[in-house]
Amino acid sequence: MSSLLFHPALPILIGAFLILRLGGTARSIVLLGAPLVSLAFIWMTADGVILAIPYMEWTLEPFKADKLSRLFATVFAIMGFAGNLYALKQEKVLELFAANVYIAFSLGVVFAGDLITVFVFWEMMALASSTVIFSAGTDTARAAGIRYMMVHLLGGVVLMAGIAGEVSATGSIAFTSMLPDTLPRALILAGFLLNTGAPPFSAWVPDSYPEASYSGMVFLSAFTTKTAVYVLARGFPGAEILIFIGLFMIFYGIIYGLCENNARKMLGYSIVNQVGFMVTAIGIGSALAINGAVAHAFAHIIYKALLIMATGSVFYVTGKRKFTEYGGLFRTMPLTAICCIIGGLSISAFPFTSGFVAKAMTSEAAYVGQYYWVWYLLAAGTAGVFLDVGIKLQYFVFFGKDSGLRPPEPPLHMRAAMVFFAVLCVGIGLMPQTFYQLLPYQLDYEPNTPDHIVTQFQILLFSGAAFFLFLKYYGWHLVESLTLDLDWLYRVWGRKIAVTFTENSGSARDSIIDDLSKGARATIDAVHHRHGPDGILARTMPTGRMVFWAIVMLAVYLLVDFVFM
Amino acid sequence: MSDQSKSHWLDDPATPKRLWTVFAIVLVLLVIAELFVTHHHKGFMFNFGFSAWFGFLLGGVSILLSKGWKKVLKRKDTYYDE
Numbered sequence: 060m061s062s063l064l065f066h067p068a069l070p071i072l073i074g075a076f077l078i079l080r081l082g083g084t085a086r087s088i089v090l091l092g093a094p095l096v097s098l099a100f101i102w103m104t105a106d107g108v109i110l111a112i113p114y115m116e117w118t119l120e121p122f123k124a125d126k127l128s129r130l131f132a133t134v135f136a137i138m139g140f141a142g143n144l145y146a147l148k149q150e151k152v153l154e155l156f157a158a159n160v161y162i163a164f165s166l167g168v169v170f171a172g173d174l175i176t177v178f179v180f181w182e183m184m185a186l187a188s189s190t191v192i193f194s195a196g197t198d199t200a201r202a203a204g205i206r207y208m209m210v211h212l213l214g215g216v217v218l219m220a221g222i223a224g225e226v227s228a229t230g231s232i233a234f235t236s237m238l239p240d241t242l243p244r245a246l247i248l249a250g251f252l253l254n255t256g257a258p259p260f261s262a263w264v265p266d267s268y269p270e271a272s273y274s275g276m277v278f279l280s281a282f283t284t285k286t287a288v289y290v291l292a293r294g295f296p297g298a299e300i301l302i303f304i305g306l307f308m309i310f311y312g313i314i315y316g317l318c319e320n321n322a323r324k325m326l327g328y329s330i331v332n333q334v335g336f337m338v339t340a341i342g343i344g345s346a347l348a349i350n351g352a353v354a355h356a357f358a359h360i361i362y363k364a365l366l367i368m369a370t371g372s373v374f375y376v377t378g379k380r381k382f383t384e385y386g387g388l389f390r391t392m393p394l395t396a397i398c399c400i401i402g403g404l405s406i407s408a409f410p411f412t413s414g415f416v417a418k419a420m421t422s423e424a425a426y427v428g429q430y431y432w433v434w435y436l437l438a439a440g441t442a443g444v445f446l447d448v449g450i451k452l453q454y455f456v457f458f459g460k461d462s463g464l465r466p467p468e469p470p471l472h473m474r475a476a477m478v479f480f481a482v483l484c485v486g487i488g489l490m491p492q493t494f495y496q497l498l499p500y501q502l503d504y505e506p507n508t509p510d511h512i513v514t515q516f517q518i519l520l521f522s523g524a525a526f527f528l529f530l531k532y533y534g535w536h537l538v539e540s541l542t543l544d545l546d547w548l549y550r551v552w553g554r555k556i557a558v559t560f561t562e563n564s565g566s567a568r569d570s571i572i573d574d575l576s577k578g579a580r581a582t583i584d585a586v587h588h589r590h591g592p593d594g595i596l597a598r599t600m601p602t603g604r605m606v607f608w609a610i611v612m613l614a615v616y617l618l619v620d621f622v623f624m
Numbered sequence: 221m222s223d224q225s226k227s228h229w230l231d232d233p234a235t236p237k238r239l240w241t242v243f244a245i246v247l248v249l250l251v252i253a254e255l256f257v258t259h260h261h262k263g264f265m266f267n268f269g270f271s272a273w274f275g276f277l278l279g280g281v282s283i284l285l286s287k288g289w290k291k292v293l294k295r296k297d298t299y300y301d302e
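Note that the protein sequences, when read in sequence, are chains U and Y. Take the first sequence: its position 438, counting from 1, is numbered 497 in our numbering, and each next residue is one higher. Take the second sequence: its position 34, counting from 1, is numbered 254 in our numbering, and each next residue is one higher.
Next comes the structure, spelled out in structure tokens:
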């Protein structure tokens, strides 16, 4: 049990509670120190089951490690450090507390060796992340947080049903690789997929995350979807349906991202798009593809956080979040612009960035595995991402039409967090082999070959040419609007059904109560009629009548005895 | 290009034209560069110039698709508040 003291979630969890008590420098030290202690614990942890606890007829394994869990835990801890640095001066202590608890629980998931432990931490993550959204304190955040919880609690129920079915069918709670070949396993897969932003529940990501505070969204972008990628990589590698789901997510994210006018919402769509690449890779399932998926998750956490930090900084200093309100911000925010562009290049898999060395493995795995059509669609997806986050976001926020806004750069700690992640994006891109050492499978693969670099540049820059030609000859026409998504079903129809049900059930309840009270009244009246002071059974009777009836009964008895005996 | 001066070099009216020229040269050089590299794999997707026209085509298709999609499903951004 003492081994639990070295669980990497513990320092961040304790740190979260300390934040509530501490202020000033002490709080900053805890915020920055706790993730680093966690990181040290992660790298001190040996492979294998570290803690096993007997529970009913099973054995819980709340602390189990291997290369896959260590990789995810490492990037979670790094993200915790950079996120806390970015949020260092966040006045809403509740958000910092919830965010750090959320990080600790996500570490709980990646070090869980059995399905029950996974489930417990999974649900606690949902509660902590909802709190991060709620802590923004606005009405829209509250509404978005409730929708977020609704979707995630549904996912939790599906996951729990799946786990219960799996345990009763196999008798085992072990969390190992499986295929969705039985109903319980399909339910487990569905529960996991919901957290990736898979269809039909993709809209929760762009709906809820942008409503968090400038720093809250940075935390949210990293953990829920990537923990889902982790459990899919461990639980369902090679489940072919994931290829189709992942490809859908890629193009969903691109199309909606291009339609979107809210910069933060657009980054939400782009999370779905990026996780789509990872889900596709897990569906391919080969060692190279799994390496691709998890390397992509690692790189993605960093460059997506960087992008959200940059747009969050713009939101922080301007209070605006729409493309129609931005433009020309490079003049006074050059550092933020450069960091955002580095994030945009990384997400677009530009050569010499982290996105390139990570995504390259997935494309290679599609080719080697003879999924040629998947290769083409991944290439198309890469071109689309560049249009979306690589160009559109940068162009309309930092360049484009001058909005007249001249905001200052964000505070030092926010700039430091962005520069740290920008350096990581480029560093990983320049030293891919060092990065590949962390991956679960040791493979001989080199992304930075001349042919690969040239063709990647061609795909990206020629798709960029399409964008700028379109812009030059047709114009982009930004408008303040939203684009309907499947969340319309629960935001409009679901609401209508709920309202109708409430109204009708209200009148039904009234009429049931009415009927019941009428019935009760009638029963009481009937009882009163017979047993009341004037009731037939309450009247006094003369003794003579009793004697008379006794004689009649005895006579009948005699008669019966005489006739039948 | 100092930030202190009122007009940034990007604001210069001649800049877009210059950027287009540089961009066009880079695109041409990228296609020429493919003549000097050896592809590690075989297949249609590794034919000369494939990535260039595929990138351009798919970029265009993505933009048109999103514009069409938006045309059909566009609503006021206060749609859900009402």
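Yeah, the Cβ is synthetic: ideal placement off N, Cα and C, and Gly gets one too.
**Request:** Please look up how many angstroms separate the CB atoms of residue 472 of chain U and residue 147 of chain U, rounded, as I've assumed it's under 8 Å.
**Result:** 4 Å
**Prompt:** Nearest to residue 595 of chain U by CA position, among U:585, U:602 and U:233, is which residue?
**Reply:** U:585
**Message:** Using a Cβ-Cβ cutoff of 9 Å, what residues of the segment 246 to 259 of chain Y are near chain A? List them in chain order.
**Reply:** Reference to chain A is not applicable here, since the protein chains of this structure are U and Y.
**Message:** So, for residue 128 of chain U: in the same chain, excluding its five sequence neighbours on each side, which residues have a beta-carbon less than 6 Å away from its beta-carbon?
**Reply:** 169 and 170
**Message:** Cβ closer than 9 Å: which chain U residues qualify as neighbours of residue 289 of chain Y?
**Reply:** 314, 315, 317, 318 and 542
**Message:** Just to confirm, is the Cβ distance from residue 442 of chain U to residue 519 of chain U under 8 Å?
**Reply:** yes
**Request:** Could I get the ranges of all uninterrupted beta strand (DSSP E) runs contained in the segment 63 to 124 of chain U, with 3 residues as the minimum, in chain order?
**Result:** 107 to 114 and 117 to 124
**Request:** Put residue 541 of chain U into one of helix, strand or coil per three-state DSSP.
**Result:** strand
**Message:** Can you check whether the C-beta of residue 510 of chain U is within less than 8 Å of a C-beta belonging to chain Y?
**Reply:** yes
**Request:** Could you check what DSSP says for residue 202 of chain U in three-state terms: helix, strand or coil?
**Result:** helix
**Asked** When DSSP labels each residue in this structure, what does residue 625 of chain U get in the three-state scheme?
**Response** Within the shown structure, residues of chain U are numbered from 60 to 624, placing residue 625 of chain U beyond reach of any answer.
**Request:** Go through its chain and collect everything with a Cβ distance to residue 325 of chain U's Cβ below 6 Å, but skip five positions before and after it.
**Result:** 316 and 319
**Item:** Closest Cα partner of residue 237 of chain Y within the set U:78, U:269 and U:531
**Value:** U:531
**Request:** Would you mind sorting residue 262 of chain Y into buried or exposed? The rule is 16 or more other CB atoms within 10 Å of its CB.
**Result:** exposed
**Asked** Of all the options U:437, U:120, U:463 and U:604, which has the alpha carbon lying nearest to the alpha carbon of residue 306 of chain U?
**Response** U:437
**Prompt:** Can you list, in chain order, the stretches of the alpha helix (DSSP H) that have 4 or more residues and sit fully within the segment 418 to 498 of chain U?
**Reply:** 431 to 444, 453 to 457, 471 to 489 and 491 to 495
**Request:** Counting only the same chain and skipping the five closest in sequence on each side, list residues whose C-beta sits under 6 Å from that of residue 505 of chain U.
**Result:** none
**Asked** Do the CB positions of residue 90 of chain U and residue 73 of chain U come within less than 8 Å of each other?
**Response** no
**Item:** First and last residue of the uninterrupted alpha helix (DSSP H) at residue 238 of chain Y
**Value:** 235 to 253
**Item:** Endpoints, beta strand (DSSP E) assigned at residue 598 of chain U
**Value:** Counting along the chain, residue 598 of chain U falls outside any beta strand (DSSP E), and DSSP gives it neither H nor E.
**Item:** Beta-carbon contacts of residue 243 of chain U that lie in its chain and below 7 Å, excluding the five residues immediately before and after
**Value:** 221, 224, 225 and 228
**Request:** Could you tell me which of U:253, U:302 and U:164 sits nearest to residue 341 of chain U, measuring between CA atoms?
**Result:** U:302
**Message:** If contacts are defined as beta-carbon pairs under 8 Å, then residue 350 of chain U and residue 499 of chain U qualify, I think. What distance do you get, rounded to the angstrom?
**Reply:** 7 Å
**Prompt:** With a cut-off of 8 Å, does the C-beta of residue 297 of chain Y fall near any C-beta of chain U?
**Reply:** yes
**Asked** Less than 8 Å separating the beta-carbons of residue 401 of chain U and residue 481 of chain U?
**Response** yes
**Given residue 333 of chain U as reference, the closest of U:432, U:257, U:184 and U:381 once Cα atoms are compared** = U:257
**Item:** residue 257 of chain U (DSSP reduced to helix, strand or coil)
**Value:** coil
**Item:** Minimum C-alpha distance to residue 327 of chain U - residue among U:337, U:255 and U:581
**Value:** U:255
**Asked** With a CB to CB cut of under 8 Å and the five nearest residues on each side skipped, what residues in its chain are close to residue 245 of chain U?
**Response** 221 and 239
**Asked** What did DSSP end up calling residue 233 of chain U once you bin it into helix, strand or coil?
**Response** strand
**Message:** I need the DSSP call for residue 584 of chain U, collapsed to helix, strand or coil.
**Reply:** helix
**Prompt:** Grouping DSSP H, G and I as helix and E and B as strand, with all else coil, what is residue 223 of chain Y?
**Reply:** For residue 223 of chain Y, the pLDDT reaches just 47, beneath the cut-off of 50, and the residue's location in the model is therefore unreliable, leaving the point undetermined.
**Asked** When the Cβ atoms of the segment 136 to 145 of chain U are set against those of the segment 87 to 107 of chain U, are three or more pairs found closer than 8 Å?
**Response** yes
**Asked** Nearest to residue 186 of chain U by CA position, among U:280, U:346, U:215 and U:367, is which residue?
**Response** U:215
**Message:** So residue 275 of chain U and residue 361 of chain U are supposed to be a Cβ contact under 8 Å. How far apart are they, rounded?
**Reply:** Not confirmed; about 18 Å, so no contact.
**Item:** Straight-line gap, residue 353 of chain U to residue 202 of chain U (C-alpha atoms, nearest Å)
**Value:** 33 Å
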